[in-house]
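S.K.:
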Amino acid sequence: EVLNSIKKNVAVELIKLAVEEMVNTKEIVPEWQNLASGILVSLGRNFHNEVMEQLLLRFQPGILPHFFVVQTMANLASANVFGMVPFLKSVLGTMLPLLGMVKSENMKWTFAHALAKFCEAILEFIANADKSPDPSVTKEAFVSEISSAYDVLFNNWLPSREAKVRSEVVVALGHMTHLLSPEKLEEQLPKFIPAVLAIYKRHQEYQHTTRGLCMALDAATANHSVVLESLLDNILNALFPQICTLPDYSQPSGVRNHNEVLRCFAVLASVYSNRLVTFLLQKLESSNEAYRIGSLTVFKHLINSCDTHISNKVPLIVSGLRPILDSGNKV
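full-length UniProt numbering numbers the first residue of the sequence shown as 1 and each following residue consecutively.
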């Protein structure tokens with residue numbers, strides 16, 4: 001309501017002042033820079049052209065921008081999809097050469113975060129083309145830029161020693177898989193999936209890793225990937241142990257990971273229901289109580305969320321459940 005009452009000339013002055021406050025020191029001082037960035041994002045809901053005009057003055061080719069310039073564009077892409085997406089072709093054109101110049105882990109994080117938000121915005125823009133200001137925009141318009149950014153993040157940034165950078169890069173790569181060409185996605189899956197599964201073994205960053213993996217699985221199944229089936233056993237063996245214990249509800253990240261793992265199983269069920277049901281029934285026959293709990297947890301989720309893919313498997317699932325319904329079996 002307050003934003004709607006602000007006149008354009010006042011908004012322009014506020015935008016200039018907020019940008020100046022945000023970038024007048026190279027140091028990161030979140031207290032006031034976050035506040036200035038938040039003001040710009042709020043004003044950008046109604047005055048996106050004016051906000052972007054000022055931000056782009058500080059986002060020049062060949063010069064690493066201020067952390068909060070990138071962060072503000074990322075947040076604006078979430079806050080005003082229709083206003084921001086028309087700028088993204090140009091923004092990505094400036095951003096791509098800068099990625100090779102980034103050395104600090106903080107800047108890697110904010111660029112990865114921005115790329116994730118840009119991909120989200122592009123996909124939302126296209127999904128709502130009937131409401132968008134330019135229905136002619138297609139994902140093909142961004143394939144080249146996203147493909148180049150994907151290569152930098154996957155080859156150079158994913159191996160980062162910083163947990164927060166790795167986590168953000170995995171999520172960004174997951175978003176990017178939806179904007180790669182079908183050929184590029186098929187070529188990258190045999191590299192991407194093992195690299196992500198390896199993070200489970202080396203680091204305790206399950207939530208973001210699973211989120212990135214789930215988005216890639218979603219893109220692969222939508223693309224009718226041929227190569228994904230050869231990776232299925234490794235994927236199932238990495239995901240299943242994570243569902244064998246109930247999440248600690250006092251730990252939100254654990255709960256979110258639990259839900260993302262279930263989403264992964266649901267995505268896979270849309271294409272590989274036979275393989276998945278066979279895998280889960282084998283776990284159900286195990287004497288390991290945790291495996292049986294895990295199998296039942298996934299079956300419950302699939303029956304509730306994937307009825308069209310699982311309904312014809314229900315008799316088989318029920319026959320697999322009969323032995324453990326025996327009162328002598330504890331689950």
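Heads up, the beta-carbon is just placed ideally off N, CA and C, and yes, glycines get one too.
(1) How is Phe59 classed by DSSP in three states: helix, strand or coil?
(2) Can you find a C-beta in chain D that's less than 9 Å from the C-beta of Gln282?
(3) Distance, Cα to Cα, Asp218 vs Trp109?
(4) Report the residue ranges of all alpha helix (DSSP H) runs contained in full by the UniProt domain "MROH2B-like HEAT-repeats" (181-331); include only those spanning at least 4 residues, in chain order.
(5) For Pro159 and Ala121, I'd like the C-alpha separation in whole angstroms.
(6) Taking 6 Å as the limit between beta carbons, can you name the residues of its chain near His113, skipping five residues before and five after?
(7) Looking at the structure shown, is Gly100 part of a helix, part of a strand, or coil, going by DSSP?
(8) Given that a residue counts as buried once 16 or more other Cβ atoms are within 10 Å of its Cβ, and exposed if not, what is Gln251?
(9) Quick check on DSSP: helix, strand or coil for Lys108?
(10) How long is the line joining the alpha carbons of Ser327 and Arg256, rounded to whole angstroms?
(11) For Pro315, count the other beta carbons within 10 Å of its own beta carbon; 16 or more makes it buried, fewer makes it exposed. Which is it?
(12) What is the rounded straight-line gap between the Cα of Lys283 and the Cα of Val298?
(13) Could you tell me the alpha carbon to alpha carbon distance between Cys119 and Ser319, rounded to whole angstroms?
M.R.: On the basis of the coordinates in this document:
(1) In this structure, Phe59 counts as coil in the three-state DSSP scheme.
(2) In the structure shown, chain D cannot be found, because there is only a single protein chain.
(3) So the two alpha carbons sit approximately 24 Å from each other.
(4) Runs of the alpha helix (DSSP H) inside the UniProt domain "MROH2B-like HEAT-repeats" (181-331): 182-202, 206-222, 228-239, 252-284, 289-305, 307-310, 314-325.
(5) 26 Å
(6) Ala74, Glu168
(7) coil
(8) exposed
(9) In the three-state scheme derived from DSSP, where H, G and I count as helix and E and B as strand, Lys108 is classed as helix.
(10) Here the model assigns Ser327 a pLDDT of 46, short of 50, so the residue's position is not dependable, and the following value carries that caveat. Taking the straight line from one Cα to the other gives about 33 Å.
(11) Of the residues assessed, Pro315 falls on the exposed side of the cut-off, its CB having fewer than 16 other CB atoms within 10 angstroms.
(12) 11 Å
(13) 44 Å
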